[in-house]
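Written out below as structure tokens is the structure these notes cover.
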Amino acid sequence: MDFQEISEDNNEEQNQNNPPWLKIIRKDKTFGNPVIILRNISKDYDLGGEGQVHALVDINISSNSEYYPVLEGELLMLRGPSGCGKTTLLNIMGTFDKATSGIVEIMGTRIDTKASDKFLANLRLEKVGFVFQTFNLLATLSAFENVELPMLIQNKLSKKKRRARTKKLLTRVGLGDRMDHLPSELSGGEKQRVAIARALSNKPNLLLLDEVTADLSTKGTIHIMNLLLDLNLKKKVTMVLVTHNPDLEVYADRILYFRDGKIERQVINTQQTALNFKEYMAFLRETENQMVKENDNEKNDKEKINLSQTSDSFNDELSDQESPNEVSFDDDDFSSEHNFPNQKKKKNKIRNRNKNKNNNNNNNNN
Ligand SMILES: Nc1ncnc2c1ncn2[C@@H]1O[C@H](COP(=O)(O)OP(=O)(O)OP(=O)(O)O)[C@@H](O)[C@H]1O
Ligand SMILES: [Mg+2]
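Shown next as structure tokens:
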């Protein structure tokens with residue numbers, strides 16, 4: 001059994017009042033109170049006279065939904081195809097954007113349309129770190145000044161401590177030698193890492209991360225993900241992380257899959273795992289070799305078809321007796337979703353494993 005239940009026998013009355021997500025206590029990790037609750041969240045964008053985009057449709061991440069609230073200490077991953085609403089939802093969670101309808105609660109504070117900009121800015125400054133998909137670094141400030149800025153605004157640390165922390169953060173994301181560079185003098189991956197260091201500067205309770213590894217090398221991706229996992233486990237920082245990379249699912253406690261502005265399904269991972277660079281590279285290399293092999297096979301098959309077609313017509317002219325070469329196709333050859341058959345197998349393994357664990361969990365909860 002991968003999940004433990006709080007014994008219902010011990011305190012039946014209390015458990016009757018408890019929402020089901022309270023029963024979820026993992027062997028190696030305990031979650032705290034809800035950090036984000038969303039009730040009936042919808043977001044529409046008006047396109048002038050050209051109708052509306054329904055970016056989010058009645059999203060419930062709450063105690064009376066099967067998708068339970070984002071819990072303190074949880075690393076929640078949001079996945080789904082481009083345009084399914086991940087950034088829109090993250091912006092609403094971070095109070096950068098307002099829902100068209102519905103209720104948002106962040107760390108026990110109900111955010112409604114009356115919340116003032118000053119109140120929201122303060123909440124973000126004190127509690128929330130955000131890494132935007134587009135980085136949003138201030139172009140005229142150096143990497144150092146970008147990271148230092150939230151601490152400067154918060155004004156809680158002495159100049160010496162602030163500068164020491166800025167240096168430490170930039171070094172931790174591997175940019176100790178790029179501190180004086182302007183954003184325009186940094187690569188995409190370097191900008192992304194500055195944005196991560198900036199998000200960490202005020203020691204947030206909640207980190208919202210939009211595609212934080214999209215511009216990083218494999219090594220950079222693992223470095224940053226391991227840093228985030230470390231913060232999540234040791235400092236209990238709650239995280240909501242959007243990614244297109246399925247191989248990163250192993251880092252999550254829970255994955256919510258979105259499609260067309262709705263949650264399609266939820267998978268609970270019972271064991272957060274850090275990728276090991278060497279092993280992961282070996283896996284990627286094996287995947288690539290496999291892909292080359294499959295491409296070669298496909299090419300050979302195609303050549304066979306061409307040959308057979310040529311010889312067919314040639315044979316047709318000469319004789320009707322010879323049968324053409326038989327060519328069979330695997331279903332996978334037509335899959336448009338994955339280009340890496342081997343990786344697909346591994347992904348499926350992870351998904352199936354997670355699915356089974358999820359089922360276990362559901363069984364435990366029932
Ligand atoms: N300001 C806007 N005005 C109109 N439509 C918008 C606006 N912002 C987002 N949308 C639309 O809302 C939908 C959800 O967009 P969103 O950026 O949340 O998707 P996403 O899942 O983050 O995609 P990606 O993976 O490409 O980043 C898309 O159809 C998008 O075109
Ligand atoms: Mg997005």
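Just so you know, we're using the UniProt record's numbering here: the sequence shown kicks off at 1 and counts up by one. All C-beta atoms, glycine included, are put in the ideal place defined by N, C-alpha and C. What you are looking at is a predicted structure, and each value in this text was computed from that prediction instead of being measured.
Determine the DSSP secondary structure at Ser42, reduced to helix, strand or coil.
strand
Report the residue ranges of all beta strand (DSSP E) runs contained in full by the segment 126-153; include only those spanning at least 3 residues, in chain order.
128-131
N- and C-terminal bounds of the beta strand (DSSP E) containing Glu264
262-268
Go to Gly51, then tell me how far its alpha helix (DSSP H) extends in each direction, as first and last residue.
No alpha helix (DSSP H) holds Gly51; DSSP gives it neither H nor E.
Buried/exposed call for Arg198, threshold 16 Cβ in 10 Å:
buried
I need the DSSP call for Gly220, collapsed to helix, strand or coil.
helix
Within the chosen definition, does the segment 182-196 reach the segment 104-113 through at least 3 CB pairs nearer than 8 Å?
no
Just to check, is the beta-carbon of Thr213 closer than 6 Å to a non-hydrogen atom of ligand 3?
Absence of ligand 3 from the depicted structure is noted, with ligand 1 and ligand 2 being the only ligands included.
Is any non-hydrogen atom of ligand 1 found closer than 6 Å to the C-beta of Asn98, if you look at the structure I gave you?
The sequence shown places Lys at residue 98, not Asn. No, ligand 1 has no heavy atom inside 6 Å of this Cβ.
Determine the contact status of Arg193 and Leu175, defining contact as a CB-CB distance below 7 Å.
yes
Got a sec, what are the start and stop residues for the alpha helix (DSSP H) Val104 sits in?
Where Val104 is concerned, there is no enclosing alpha helix (DSSP H), although the beta strand (DSSP E) it sits in stretches over 101-106.
Out of Leu76, Lys29, Met179, Val131, state which residue places its alpha-carbon closest to the alpha-carbon of Ile61.
Leu76
With residue 367 as the anchor, note down where its beta strand (DSSP E) starts and where it stops.
Missing from the structure shown is residue 367; the chain here goes from 1 to 366 and no further.
Taking just the CA atoms, how far does Lys236 sit from Gln271?
16 Å
beta-carbon Lys86 near ligand 2 non-hydrogen atom, thresh 6 Å
yes
Could you check whether Pro204 and Val128 sit closer than 7 Å to each other, using their CB atoms as the reference points?
yes
Tell me whether Pro34 sits in a helix, a strand or coil according to DSSP, three-state version.
strand
Compute every distance between the C-beta of Tyr45 and the non-hydrogen atoms of ligand 1, then say whether any falls below 6 Å.
yes
Looking only at C-alpha atoms, which of Ile153, Leu208, Ile222 sits nearest to Thr88?
Leu208
Residues in the same chain with beta-carbon distance under 6 Å from Lys262, minus the five sequence neighbours each way, listed in chain order, please.
Val57
As assigned by DSSP and simplified to three states, the class of Leu120
helix
In chain order, what residues of the same chain lie with their CB nearer than 6 Å to the CB of Asp247, ignoring the 5 residues before and after it?
none
Looking at Val57 and ligand 1, is the gap between the Cβ and the nearest heavy atom below 6 Å?
no
Is it buried or exposed for Ile153, if we count other Cβ within 10 angstroms and need 16 for buried?
exposed
For Thr171 and Glu50, I'd like the C-alpha separation in whole angstroms.
48 Å
Have a look at Ser116 and Lys98 and give me their C-alpha separation to the nearest angstrom.
12 Å
Excluding sequence positions up to five away, which residues of its chain have a Cβ less than 8 Å from the Cβ of Met151?
Leu157, Arg162, Arg165, Thr166, Ser201, Asn202
Buried versus exposed, by CB contacts within 10 Å (16 or more), Asp180
exposed
If you draw a straight line from the C-alpha of Leu137 to the C-alpha of Thr243, how long is it?
20 Å
Quick one: does Thr87 have its CB under 7 Å from some CB of chain D?
The question asks about chain D, but that chain is absent: this structure has only one protein chain.
Have a look at the DSSP bridge pairing and note the partners of Met77.
Leu241, Ile255
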